[in-house]
Structure formats: structure tokens, C-alpha cells
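These notes are about the structure you will find just below.
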Amino acid sequence: DTEVTQTPKHLVMGMTNKKSLKCEQHMGHRAMYWYKQKAKKPPELMFVYSYEKLSINESVPSRFSPECPNSSLLNLHLHALQPEDSALYLCASSQEFQVIIDSTGELFFGEGSRLTVL
Amino acid sequence: GEDVEQSLFLSVREGDSSVINCTYTDSSSTYLYWYKQEPGAGLQLLTYIFSNMDMKQDQRLTVLLNKKDKHLSLRIADTQTGDSAIYFCAEGASSSGGYNKLIFGAGTRLAVHP
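If you read the sequences in order, they're chains B and W. This note's numbering applies: residue 1 is where the first sequence begins, and numbers increase by one. This note's numbering applies: residue 1001 is where the second sequence begins, and numbers increase by one.
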């Protein structure tokens, strides 16, 4: 199983709603990532979890709250979002976060959750 | 700081070769990657090259790396309509303490026409 599964595929929410994006992998990877991708732009890193601990927060506003309940699951809780937060949110995983010998460091990406904030 | 640059658009005729170019700034990157993204989908790793290699070939794909000029290219032979997508160059920013913090280029949109 080399898949990263994201749900939901599409989400429309109002600025006062609370919603969550979910990501799951069963490859035994110890690093999981959230990226944000705006239209016609490259993915931008938001958060990295390594061994279920938050390793990187790229100065993301607190209305985005990540959670890693276990090594296979990664959530992104959304609250009081703005219309400019509308984007494709991509989850990824890799064997490790720290570069190790004999590892390509490859990130496996999910299909993404397309979020629209009204 | 780290930066990856790509041309934004490439149009080729079906059956021709496509060459997508990329320049990067972090000379200590261990790996350089090419990802493909089809409309509305996630990113799929196409190929990668280790920084001590000059060339890597994988079926229709050839990656060339010029470390001196920090230039990376992806050649797709016999380009097909199914190759139409956005191609992202990415460097593993190992200067950030040996971590898999990928830095992506802006992406090159490849359009293949009959």
C-alpha cells in the first residue's frame, strides 16, 4: 500500500464553521506533512510532524490547527477561516523527516482536499 | 536562501521530445526531484537524482544535473498527450539541518498538441 488517503476531496465552509481535513497512510512512514497549494502556484509547506511530534510550523495562522493522533493519521482542524484560505490542501508522508543514508527522502502525496471558504 | 526557478510554460507536438529546465540555489541539496501534477490531483514523484550523479535515465525520462551551474533538466522522449500536466522541480533543502524540507519551483505547464 503506497497510498496517502485524504478526506474529504472537496469541502465548502463558511467563515464561522469548524471543520477538519483528514489524512491517512499505512506505509509505516514516520513523517507527515501538510502543504497548501493556491491555483497556479507550487505547494507551500505548512506543518511537519515527525514521530507524532510537531517539528515544523511555517508561521501558519492559528486558525489552522494540526493534530497527529498516531503515526498513521494526520488531521488539520479549521476554524474561522478567511476566503483567501481557499486552496488545495495536500498531505504527504515520508519514511523519515531527517535525511538518512539509503533513503531518497521521497514524499508521497495524497490527492488533496480542495477547500472553498465562503 | 533556498530558491528554485522554472520556466512556466512549454508546448510540444506529440511524439517530439520535451525538455523542462530548472535552476536551484542550495548546492548542499542531497536529492533533486521531479514531480508531476495532473489537473485537480496531488503530486506524483516522477524521478529523482542524487547530487553526485550527472545523469539518470528511466524509460522515457532522462534527468541531467549540472552541479556547477545548479541546473537540472527533465527530458521526456516521445511526448504523449497523457504527459500534459504541471511538472515541479524540487530540491531537498538539506541545508536546513538534514531534513526533508522540499522546496518546489513554480512548476512548468506542459501542453502536448497533436
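The beta-carbon is built from N, C-alpha and C at its ideal position, and this holds for glycine as well.
Exercise. Taking any Cβ of chain B, which residues in the segment 1025-1054 of chain W have a Cβ under 9 Å from it, in chain order?
Worked result: Hits within the stretch, in order: Thr1030, Tyr1031, Tyr1033, Tyr1035, Gln1037, Gly1040, Ala1041, Gly1042, Leu1043, Gln1044, Leu1045, Tyr1048 and Phe1050.
Exercise. With a CB to CB cut of under 6 Å and the five nearest residues on each side skipped, what residues in its chain are close to alanine 1077(W)?
Worked result: For alanine 1077(W), where only same-chain residues beyond five positions count, the Cβ hits under 6 Å are Ser1017 and Arg1060.
Exercise. When the distance is taken between beta carbons, is glutamine 6(B) closer than 8 Å to serine 72(B)?
Worked result: Cβ distance not < 8 Å, so serine 72(B) and glutamine 6(B) don't count as in contact.
For this session: Identify the continuous beta strand (DSSP E) that holds asparagine 1021(W) and give its terminal residues.
Result: Per DSSP, asparagine 1021(W) belongs to the beta strand (DSSP E) from 1018-1024.
Exercise. Would leucine 107(B) count as contacting chain W if we go by Cβ distances under 8 Å?
Worked result: For leucine 107(B), the answer is yes, since a Cβ of chain W falls inside 8 Å of its Cβ.
Problem set entry | C-alpha gap between isoleucine 1086(W) and leucine 1010(W), whole angstroms | Isoleucine 1086(W) and leucine 1010(W): Cα-Cα distance of roughly 10 Å.
Exercise. Mapping DSSP to helix, strand and coil, what is aspartate 1058(W)?
Worked result: DSSP places aspartate 1058(W) within a strand segment (E or B) once states are collapsed to three.
Exercise. Rounded C-beta distance between glycine 112(B) and leucine 90(B)? I'm assuming under 8 Å.
Worked result: So it is a contact: roughly 5 Å between Cβ atoms.
For this session: To the nearest angstrom, report how far apart arginine 114(B) and alanine 87(B) are at their CA atoms.
Result: When rounded, the distance between both Cα atoms is 6 Å.
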